[in-house]
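Count along the sequence shown starting at 1, add 1, and that's the number in the numbering used here. Don't be surprised by glycine CBs; every beta carbon is placed ideally from N, CA and C. Because the structure is a prediction, the values reported are computed rather than measured.
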Amino acid sequence: MNVTRVRRLVRARLWLRGALALAFVSCLPGHTAAAAPPAAEGDDAIASQHFPSRLIDESVEHSRRGGAEPFKAYTYLTADLEASGKSDLIVAAYTNGFSAAILVLRKRDGDVVIADEPRLRLLFGVFPSLQLLDLDADKRPEVIISFTSARGPAAAWVFKWNGNDLDLIGPAEVDEAGDPSTVLRDPDFEDLDGDGILEIINPPEMGSVRKRGVGIIGSAEVFKLEGKHYVRSGTLK
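Here it is as structure tokens:
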């Protein structure tokens, strides 16, 4: 894609994100319990039944101490991550309104087992979303999992399935305890150099600009796949 077009796309998304952020805050779960959802079926039932108990317990305890009513949100996709021709994996993302979890469930001979649960202590968010996208042109899609925040931008985590585990290949920062945290917020994925491998474009931050309301701060960051991980390669203004 033309770099100028990408720049325009990033800027348009930023202004839209600023407007949606204001609307999003009013939709956050409050102190009123939501109506019970309809009974789940099939893969939806499998994903629902595997909602991590630790997230439920944490939400109940938070409510007991005067917080919002217990909250649950999840989403899932059935996927063929191994180019086997069979969509026998369910990738599911869960939140209780603040803490989050990811599971990979394998369907096998009428049974379901947990194939992987990445131990990510800094996984947070309100509403999850999932996307499958072949970033490295190997015919096996990568897994992009995003979690919205009260401020609007969604933190996006990029993983590659290695047959046993979800490997975090997206750019991340590591804290003093050794725990990674994604640096991506509402990213775009485009092949900027024409090599068939998608770069990750991380939009600049939104901030308050005096006398003009919301404005763009900084430049969009570009991350390129080097080996098995995405690393920062430059910026787009």
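Leaving out five residues before and five after Ser-64 in sequence, what residues of the same chain have Cβ atoms less than 8 Å from its Cβ? Position 63 of the sequence shown holds residue 64. These residues qualify, in order along the chain: Glu-70, Pro-71.
Is Gly-31 helix, strand or coil by DSSP? Your numbering for residue 31 matches position 30 in the sequence shown. In this prediction, Gly-31 has a pLDDT of 33, which is less than 50 and means its spatial position is unreliable; what the coordinates show is noted afterwards. The answer is coil: DSSP assigns Gly-31 none of H, G, I, E or B.
Cβ pair Lys-161, Glu-143 closer than 7 Å: Working through the sequence shown from its first residue, we reach residue 161 at position 160. Working through the sequence shown from its first residue, we reach residue 143 at position 142. Yes. Within cutoff.
Would you list, in sequence order, the uninterrupted beta strand (DSSP E) runs of no fewer than 3 residues that lie entirely inside the segment 74–152? 74–80, 90–96, 101–109, 112–117, 129–134, 143–148
Three or more C-beta pairs under 8 Å: does that hold for the segment 108–118 against the segment 171–185? no
Does the beta carbon of Thr-236 sit closer than 7 Å to a beta carbon anywhere in chain D? Among the chains of the structure shown, chain D does not appear; only one protein chain is present.
Check whether the Cβ atoms of Ser-85 and Thr-79 lie closer than 7 Å to each other. On the sequence shown, position 84 is the one that residue 85 refers to. On the sequence shown, position 78 is the one that residue 79 refers to. Not closer than 7 Å, so no.
When the Cα atoms are used, what is the spatial distance from Ala-156 to Arg-109? Along the sequence shown, one-based indexing puts residue 156 at 155. Along the sequence shown, one-based indexing puts residue 109 at 108. So the alpha carbons of these two residues sit roughly 32 Å apart.
Would Ile-202 and Asp-189 be called neighbours here (beta carbons separated by less than 7 Å)? Translated into positions along the sequence shown, residue 202 becomes position 201. Translated into positions along the sequence shown, residue 189 becomes position 188. Yes, the Cβ-Cβ distance between Ile-202 and Asp-189 is below 7 Å.
Go ahead and label Asp-196 buried or exposed: buried means 16 or more other beta carbons lie within 10 angstroms of its beta carbon, across all protein chains shown. Within the sequence shown, numbered from 1, the residue matching residue 196 stands at position 195. It counts as exposed.
Can you grab the Cα-Cα spacing for the pair Asp-192 / Gln-132, in whole Å? In the sequence shown, counting from the first residue as 1, residue 192 sits at position 191. In the sequence shown, counting from the first residue as 1, residue 132 sits at position 131. Cα-Cα distance, rounded: 17 Å.
DSSP three-state assignment for Tyr-231, whether helix, strand or coil: Sequence index remark: in the sequence shown, residue 231 carries index 230 (1-based). Of the three classes helix, strand and coil, the one that applies to Tyr-231 here is strand, per DSSP.
Which whole-angstrom value describes the C-beta separation of Ser-60 and Asn-97, a residue pair presumed to lie in contact below a C-beta threshold of 8 Å? Locating residue 60 in the sequence shown gives position 59, counting from the first residue. Locating residue 97 in the sequence shown gives position 96, counting from the first residue. That belief holds up - the Cβ atoms of Ser-60 and Asn-97 are roughly 4 Å apart, short of 8 Å.
Nearest candidate by alpha-carbon position, reference Phe-99, set Glu-206, Leu-167, Arg-55: Start at 1 with the first residue of the sequence shown, and residue 99 comes out as number 98. Out of Glu-206, Leu-167, Arg-55, Arg-55 has the C-alpha closest to the C-alpha of Phe-99.
Determine the extent of the alpha helix (DSSP H) in which Ile-57 is found, giving its start and end residues. Start at 1 with the first residue of the sequence shown, and residue 57 comes out as number 56. Unbroken alpha helix (DSSP H) run through Ile-57: 54–65.
Cβ distance (whole Å) where Tyr-77 is taken to contact Asp-117 below 8 Å: Within the sequence shown, the letter at position 76 stands for residue 77. Within the sequence shown, the letter at position 116 stands for residue 117. The pair is not a contact, with the Cβ atoms about 14 Å apart (cut-off 8 Å).
Thinking C-alpha only, which one of Ile-57, Asn-165, Ala-221, Pro-204 is nearest Leu-90? Mapped onto the sequence shown, residue 90 falls at position 89. The residue with the shortest Cα to Cα distance from Leu-90 is Asn-165.
Hey, which unbroken runs of the beta strand (DSSP E) at 3 residues or more fall wholly within the segment 150–206? 156–162, 167–169, 173–175, 181–183, 189–191, 200–203
Taking its Cβ as the centre, do 16 or more other Cβ atoms sit within 10 Å of Val-159, making it buried, or is it exposed? Locating residue 159 in the sequence shown gives position 158, where the first residue counts as 1. Flag for Val-159 reads buried.
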